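*Asks:* Residue numbers (our numbering), protein chains in the order written: chain A, 9 to 416; chain B, 9 to 416; chain C, 9 to 416; chain D, 9 to 416.
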């Protein structure tokens with residue numbers, strides 16, 4: 009059983025090997041980073057790499073070890089204040105925007121913290137009553153693996169020296185130019201049956217779909233260049249009111265990380281591949297591009313319905329520490345998270361879980377949009393058809409892209 | 009045919025009497041205001057009364073007279089720059105946040121502008137090819153009548169002297185405490201058939217509803233007092249993440265305009281009626297209250313489906329210049345606009361109209377929520393079951409209230 | 009005795025005729041303004057004309073009538089909250105930045121307030137123990153007369169229609185191009201002997217001067233055009249660090265109110281007279297210009313020493329309601345307040361007066377620079393050689409100009 | 009010749025031993041810091057320790073080696089962009105507020121940069137035509153040594169773990185409670201004669217002093233506690249207008265780094281010594297305290313005149329890497345920089361030097377106040393009687409304290 013397969017297993021519960029594989033990948037992702045690299049925070053939306061490593065350990069320490077394992081002693085009684093993210097039920101915490109001021113504990117000390125937690129976890133990995141919490145913790149950790157990569161990419165991009173996180177990955181080409189059609193009707197969406205899912209993916213429920221089609225591939229850098237050349241960023245009629253205000257206020261004229269023919273990648277500044285999927289676009293940009301192209305964004309339910317028969321572990325997703333980048337793929341998953349026009353709202357009869365973990369998803373259901381699929385930085389096995397990623401419409405430091413839709 | 013009936017007529021087209029009645033109400037609403045009252049702007053979201061009067065004249069002057077009436081001469085060639093609101097296709101314009109600096113033109117000059125436009129309009133009110141644009145202009149003007157009232161209420165509330173716009177209106181009582189149930193199923197929503205509707209109300213389309221119930225009346229001041237007494241504003245678990253941040257940042261502890269047992273009204277500071285509907289609450293507050301009450305907000309489609317057989321011109325709505333206020337009613341419409349949990353997004357196959365008027369609705373479909381019904385400040389005859397009002401989740405200077413929903 | 013002479017008298021105490029003349033000029037200055045004009049506030053630094061009229065009445069009502077006249081009844085018990093400016097000892101007050109929201113009381117009501125105060129003052133104008141306070145109140149009112157003019161100029165300049173306050177005044181020419189030299193030595197500066205002075209003008213004390221010269225006239229618009237043409241606003245080496253940051257942040261490229269060959273005046277947009285003194289420049293601009301010209305700004309003591317034998321009531325100063333503007337004069341006083349390089353700091357052994365009026369000057373002695381002379385908007389008779397006007401280095405909505413100095 | 013003596017020598021020119029001693033102290037000060045510690049920046053006013061180390065090397069590399077040493081090759085052609093501070097003549101540079109994002113180059117690489125520069129400098133230390141520039145570079149580096157200590161103190165204080173930079177230093181007691189009197193008269197101030205001085209310390213010139221007295225010791229923590237207990241931070245009458253606004257906006261209620269009976273030091277959180285000088289106070293606080301105490305701040309010239317006969321290398325100043333802190337001393341220098349009431353302005357006939365180094369001091373002469381003396385973090389030998397330190401009135405992260413003055 010190879011490590012990607014093991015991480016895939018994580019979604020279905022507390023398999024000890026899955027635990028070890030997921031936890032080991034986090035440590036592997038930190039290997040290229042110095043203590044200083046792992047400390048800096050380039051904007052309030054992002055967090056230091058070291059913080060991600062510690063926070064994902066805190067999650068297991070708090071919700072599994074502290075709450076359910078008699079006699080467990082905290083690694084350090086002062087650290088929960090530092091590494092609680094946003095759980096009000098867990099009390100006061102270090103301000104999010106000041107995570108980059110924590111030169112202490114060091115990266116080495118954080119790795120020792122992880123080892124301490126792992127040693128304690130080893131003794132409870134087979135306790136069935138903890139399987140759900142452990143699966144949640146592993147899914148949580150995988151989310152932070154992706155954030156670690158996108159956050160360090162942003163941080164390195166702010167350095168005029170343009171340092172690389174890892175060597176560049178080879179380039180690929182993506183699939184065909186056609187459309188995948190769907191006749192509409194009543195579809196069943198949302199999580200049902202086996203395997204792990206976040207609470208925001210349920211309850212399963214029926215939705216009514218009109219006939220539609222989705223593009224076979226993501227919008228490419230070449231197409232985006234054409235949008236720019238046609239004055240896309242200077243034509244208010246293409247934009248939402250809030251989007252146009254955002255363009256004007258920030259002087260936006262291209263996707264994040266673009267400069268002339270290059271873009272910043274985890275391998276430093278590189279020439280852009282015209283055939284690769286465009287990445288690092290905001291919802292506003294995706295919307296404007298779709299309007300320019302005479303198409304629209306899909307709804308989350310259209311996407312999910314088409315994806316129902318696909319392999320969510322296919323495509324360009326994260327397996328090992330590398331300079332991941334969108335390269336193109338025939339798969340529906342991978343390369344970039346795909347903006348939908350669906351506001352991130354609760355499903356009918358949705359109820360958050362009780363206790364602190366109930367703060368995981370529900371309280372964010374405002375002002376954000378659902379993204380579907382998976383990106384090159386998503387640990388393979390983490391996502392699925394019903395997965396609901398979500399970001400605010402101006403955010404674009406994730407690997408976010410666009411698959412066009414149209415009415416039939 | 010009385011004046012309220014005439015204004016109701018406005019929704020179905022360019023009846024000359026409807027034109028005159030709607031236009032006359034705007035002027036009547038300004039009667040209690042001095043030139044200075046009509047000039048001030050208390051926040052960027054609000055506009056001066058004088059500006060509303062001039063802008064609604066500009067709308068007819070621009071989209072009817074200038075574009076469709078040969079030989080029409082602008083009242084003043086410099087004024088369109090002042091009174092264009094947000095139409096990019098109409099060019100540059102005075103900054104929204106500086107509307108309150110326009111002591112000139114005076115209120116008297118603005119009324120002369122309106123008379124000039126009305127005189128020109130009289131000659132074209134019966135031209136059938138203009139009926140649609142005129143109906144749009146009248147619906148537009150009615151929206152600004154409501155804004156004029158809510159904006160002047162806000163402006164007067166900022167004055168420590170607490171001046172009144174008009175004498176207080178008598179108090180009423182609202183309907184029963186029960187629930188109106190609906191079995192769910194496939195419903196047809198959105199505008200179809202006769203009468204005027206905004207473009208955002210269509211196309212008509214089918215939706216799937218699960219069984220639900222709506223409260224027979226709006227949440228009252230008494231219930232809101234209980235929410236406060238129970239620590240509603242101090243319990244983060246009740247709030248959306250963004251809502252809790254808003255509460256903390258602004259020190260929110262009650263609906264807008266509340267102080268001790270009083271609230272600010274268009275009749276100045278008044279004792280609160282415990283049995284009247286609570287008003288001036290944000291979406292965040294509505295959401296938190298619903299969570300506290302063990303209920304939820306309705307979707308826009310649940311509300312519309314229940315309202316299909318109701319009289320949209322019933323209930324506490326605006327007929328004449330007065331200190332309007334929510335008083336309670338058995339009707340589904342009136343008193344307060346009712347927050348729904350539906351994000352303000354385009355209906356399937358929605359396309360904005362061509363030209364500048366296409367900017368009316370579509371470009372605002374981001375980050376806002378749909379409100380249904382009508383308020384005490386909505387001109388009677390303006391709203392309907394399919395009407396989609398929309399505001400950002402933190403906004404609460406409109407007469408916004410809450411009707412609870414629950415799953416069956 | 010004409011009215012300018014009477015106002016001059018105001019500086020030496022509580023002459024009843026002086027009281028009446030000063031108070032009447034304030035009312036005269038408001039004559040061209042509508043209620044709406046008198047209500048608006050175009051920035052936090054400025055105040056509505058109506059507010060100036062009411063605040064200067066409040067000053068007499070509070071510090072003379074309320075404190076010293078038995079049986080005086082406040083015109084309105086709620087108004088002191090509105091019209092206290094910054095006197096902490098007088099308690100809470102309406103926020104400065106929200107003065108423009110006070111559509112009530114109306115201009116007419118404010119004028120009635122002034123008449124009420126004047127009637128009560130008439131009965132005490134000859135009480136010798138009040139002479140000092142009354143002289144202070146009149147000097148205070150004259151300061152607000154100048155502010156009323158500069159504030160309404162700013163407010164009208166924000167209106168795209170460019171309305172005029174009054175008809176344009178005729179143009180004059182200013183004096184010679186030479187220098188007035190001074191040999192230096194020990195000089196006595198500060199207020200001594202008869203007549204009114206503010207507390208910040210004393211105590212009189214000795215200072216040591218090195219030989220210096222002051223220009224016979226103010227820097228002109230023509231010279232400023234040359235500064236601009238030579239890249240003055242694009243050459244960081246000419247600017248203070250804070251000044252350069254201000255230029256960059258606000259995109260400053262000319263004095264306030266300039267556009268192409270015109271500038272905004274109290275008579276609306278007018279062609280600039282190249283020979284007139286430049287006005288509406290910040291300290292930063294004055295400093296940069298002086299560096300470019302190979303000169304420097306004078307100190308306050310150099311200026312005062314040269315001015316000791318001059319007539320402070322000569323030159324282009326305010327006599328009646330008119331569109332005052334700098335026109336050029338051979339006098340040392342008038343046209344524009346003149347920036348000095350002297351920080352506004354206390355003189356040796358300075359002590360603020362006891363009580364609320366002690367807040368008049370002393371607490372502002374930080375971060376500002378002294379300006380000397382008088383402007384075209386300064387009521388004639390108000391200023392004197394020892395007068396210390398003061399503003400922050402970025403402020404330029406007053407009639408501020410520049411007289412060059414150099415070392416000998 | 010011991011190392012403190014050598015560093016003292018630095019002020020009089022380019023003695024090679026002085027160069028080595030000063031440069032070695034910078035490296036020694038970094039010894040307790042990890043790469044991450046040396047990378048973080050806790051506010052825009054502060055800089056990372058690594059940045060200080062690199063910037064002071066850049067200063068020598070640029071103004072000595074690049075400009076005056078044929079054949080010198082830059083260590084790295086991209087680094088000047090990173091390590092130029094504010095020299096416009098040296099072109100564009102990395103934004104000040106983003107210095108904390110530079111995880112690369114590492115601390116180790118920066119130390120290699122310093123060694124590279126030192127090796128090249130060794131070959132030119134005896135060139136007499138470079139002596140002035142080298143002396144300037146060493147004085148510059150000493151300023152950054154003090155900033156490195158105060159900046160890392162601030163950064164560590166933001167960490168909830170309260171890490172220590174070094175072990176606590178022993179406590180001392182300061183001098184007597186009396187006053188040192190001066191009869192006033194004409195004094196000669198400013199730099200004259202031998203030894204290094206910054207351009208802002210000249211030209212020497214005469215000033216007129218009135219009789220005055222300075223306290224023999226600095227204000228203590230005990231006295232500050234009394235000020236707080238007497239409502240000092242809640243009494244607006246004690247404060248400058250700008251100071252009171254600062255108190256209200258930031259909720260200031262004690263010196264920086266105070267919490268209950270403790271304060272944060274370079275040795276972590278420690279109990280406060282009541283007899284030690286109070287430190288980390290703003291000009292606003294110093295001014296308010298002096299008003300409360302019935303005294304005033306000295307002028308820079310009073311201080312300098314009294315200090316003329318004192319040993320500027322006496323007292324509690326920096327010799328080696330340690331947790332320096334104000335402890336009390338009988339010397340006029342040391343413990344804390346002392347706020348004066350003198351605005352930081354140019355001396356008569358002051359002219360900045362030509363070229364980029366002319367930007368060193370002159371362009372900052374606005375809005376700041378002069379501080380005299382030296383602090384516990386000032387390298388011994390760096391300061392002198394004529395030295396003019398300067399900060400904005402709200403800044404207090406330096407070791408800033410207060411010596412009272414009064415008129416005689």
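The beta carbon of each residue, even a glycine, is placed where N, CA and C say it ideally should be. As the structure is a prediction and not an experimental result, all values here were calculated from the model.
Using a beta-carbon distance below 8 Å, is residue 48/A in contact with chain D?
*Replies:* Cβ-Cβ to chain D under 8 Å: yes for residue 48/A.
*Asks:* Whole-angstrom Cβ separation of residue 296/C and residue 305/C, contact assumed at under 8 Å?
*Replies:* Actually they do not touch by this definition, with Cβ atoms about 11 Å apart.
*Asks:* Consult DSSP for residue 217/B and reduce its assignment to one of helix, strand or coil.
*Replies:* Strand.
*Asks:* Rounding to the nearest angstrom, what Cα-Cα distance links residue 150/A and residue 171/D in this structure?
*Replies:* Approximately 31 Å between the Cα atoms of the pair.
*Asks:* Measure the CB-CB distance between residue 6/D and residue 34/D and report whether it falls below 8 Å.
*Replies:* Residue 6/D lies beyond the range of chain D shown here (9 to 416); nothing can be said about it.
*Asks:* What number of angstroms, rounded off, separates the C-alpha of residue 214/B from the C-alpha of residue 194/B?
*Replies:* Using only the alpha carbons, I get a separation of about 6 Å.
*Asks:* If residue 228/B sits next to residue 147/B, beta carbons under 8 Å apart, how far is it from one beta carbon to the other, in whole angstroms?
*Replies:* Rounded, the Cβ-Cβ distance is 31 Å, inconsistent with contact.
*Asks:* Can you pull the DSSP bridge partners for residue 346/A?
*Replies:* Its beta-bridge partners are 380/A and 409/A.
*Asks:* Given that residue 45/D touches chain A, what residues does it touch there, using C-beta distances under 8 Å?
*Replies:* Simply 111 and 112.
*Asks:* So, under 8 Å CB-CB, residue 220/B and residue 379/B are touching, yes? Tell me the CB distance rounded to an integer number of Å.
*Replies:* Going by Cβ atoms, the distance from residue 220/B to residue 379/B rounds to 18 Å, so no, they are not a contact pair.
*Asks:* Could you tell me which of 166/B, 66/B, 144/B and 106/B sits nearest to residue 119/B, measuring between CA atoms?
*Replies:* Of the listed residues, the one whose Cα sits closest to residue 119/B is 66/B.
*Asks:* Would you list, in chain order, the members of the segment 382-399 of chain C that have their beta-carbon closer than 8 Å to a beta-carbon of chain D?
*Replies:* The residues in question: there are none.
*Asks:* Looking at chain G, which residues of the segment 334-351 of chain C have a Cβ within less than 7 Å of any of its Cβ atoms?
*Replies:* Structure shown: chain G not included; protein chains present are A, B, C and D.
*Asks:* Closer than 9 Å by beta-carbon distance: list the chain A residues that pair up with residue 357/B, in chain order.
*Replies:* Under the 9 Å cutoff, chain A gives 218 and 415.
*Asks:* Going along chain B in order, which residues have a C-beta closer than 7 Å to the C-beta of residue 102/C?
*Replies:* In chain order: 168.
*Asks:* With 8 Å as the limit, tell me which residues of the segment 71-101 of chain D have their beta carbon closer than that to any beta carbon of chain A; keep them in chain order.
*Replies:* Here the close residues are 86, 89 and 90.
*Asks:* Comparing the C-beta of residue 186/A with each C-beta of chain D, is any distance below 8 Å?
*Replies:* It does not; no Cβ of chain D falls within 8 Å.
*Asks:* Would you kindly work out how many angstroms separate the C-alpha atoms of residue 11/A and residue 58/A, rounded to a whole number?
*Replies:* With a pLDDT of only 43 at residue 11/A, under the threshold of 50, the placement of this residue in the model should not be trusted; the figure read from the coordinates follows. Those two C-alpha atoms are separated by around 23 Å.
*Asks:* Taking Cβ-Cβ distances shorter than 8 Å, what residues in chain D pair up with residue 373/C?
*Replies:* Simply 248.
*Asks:* Could one say the Cβ of residue 7/D lies closer than 8 Å to chain A's Cβ atoms, at least one of them?
*Replies:* Examination of residue 7/D is not possible in this model, given that chain D is present from 9 through 416 alone.
*Asks:* Runs of 3 residues minimum, wholly inside the segment 184-216 of chain D: which ones carry the beta strand (DSSP E) assignment?
*Replies:* If we require 3 residues or more, the beta strand (DSSP E) runs fully inside the segment 184-216 of chain D come out as 187-190 and 193-197.
*Asks:* May I ask you to verify whether the segment 119-128 of chain D touches the segment 71-80 of chain D, counting CB pairs closer than 8 Å and requiring at least 3?
*Replies:* They touch, by the three-pair rule.
*Asks:* Skipping 5 residues on each side, what residues in its chain have a beta carbon closer than 6 Å to that of residue 208/B?
*Replies:* Same-chain partners within the cutoff: 369 and 396.
*Asks:* By DSSP's criteria, residue 277/D is part of a beta bridge. Which residues make up the other side?
*Replies:* 272/D.
*Asks:* Within the chosen definition, does the segment 400-410 of chain C reach the segment 353-371 of chain C through at least 3 CB pairs nearer than 8 Å?
*Replies:* Short answer: they don't touch.
*Asks:* Would you mind giving the Cβ-Cβ distance between residue 43/A and residue 44/D, rounded to the nearest angstrom? I have them listed as a contact below 8 Å.
*Replies:* Sure, about 4 Å apart at Cβ, within 8 Å.
*Asks:* Could you tell me the boundaries of the beta strand (DSSP E) in which residue 399/C lies?
*Replies:* Per DSSP, residue 399/C belongs to the beta strand (DSSP E) from 397-399.
*Asks:* Buried or exposed for residue 152/A, please, with buried defined as at least 16 other CB atoms from any protein chain shown within 10 angstroms of its CB.
*Replies:* Flag for residue 152/A reads buried.
*Asks:* Quick one: which residues of the segment 119-145 of chain D get their C-beta closer than 7 Å to a C-beta of chain C? List them in chain order.
*Replies:* Hits within the stretch: zero.
*Asks:* Would you please verify whether the beta carbon of residue 408/C is less than 8 Å from any beta carbon of chain B?
*Replies:* Closer than 8 Å: no.
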